[in-house]
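In what follows, a single structure is set out as structure tokens and then discussed.
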Amino acid sequence: MIADYIDEFIMLCVALWMTGVGFGYLKMPVEGKPGQQAWWAHIIGHFKWLGPLLAVIAVVLAGASQR
225 MIADYIDEFI MLCVALWMTG VGFGYLKMPV EGKPGQQAWW AHIIGHFKWL GPLLAVIAVV
285 LAGASQR
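Counting in my numbering, the sequence shown runs from 225 upward without gaps.
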């Protein structure tokens with residue numbers, strides 16, 4: 225029964241991490257190189273909306289797998 229929700233649980237954990245990094249509550253484990261700062265900041269900026277979107281997808285998939 226719990227094994228049915230492993231994928232959704234992992235997706236939810238990643239979504240929480242992405243949201244935390246996007247809003248600055250958590251630090252990225254790897255820092256960008258000096259020439260990549262603009263590119264790196266651009267990717268981190270997308271985490272603000274990708275994290276919550278991934279959380280919604282995980283919840284929807286968990287709800288759909290109950291059937």
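Glycine is no exception: its CB is placed at the ideal position from the N, C-alpha and C atoms. Just so it is clear, the structure is predicted and the values come from calculations on it, not from any experiment.
I267 versus I281, L285, K251 and G246, residue with shortest Cα-Cα distance: G246
If we count the other Cβ atoms within 10 Å of its Cβ and call it buried at 16 or more, is F233 buried or exposed? exposed
Opening and closing residue of the alpha helix (DSSP H) in which I226 lies: Element bounds for I226: n/a, residue is neither H nor E.
Would L250 and A279 qualify as a contact pair, given that the criterion is a beta-carbon distance under 7 Å? no
Which first and last residues belong to the alpha helix (DSSP H) in which L240 is found? I230 to G246
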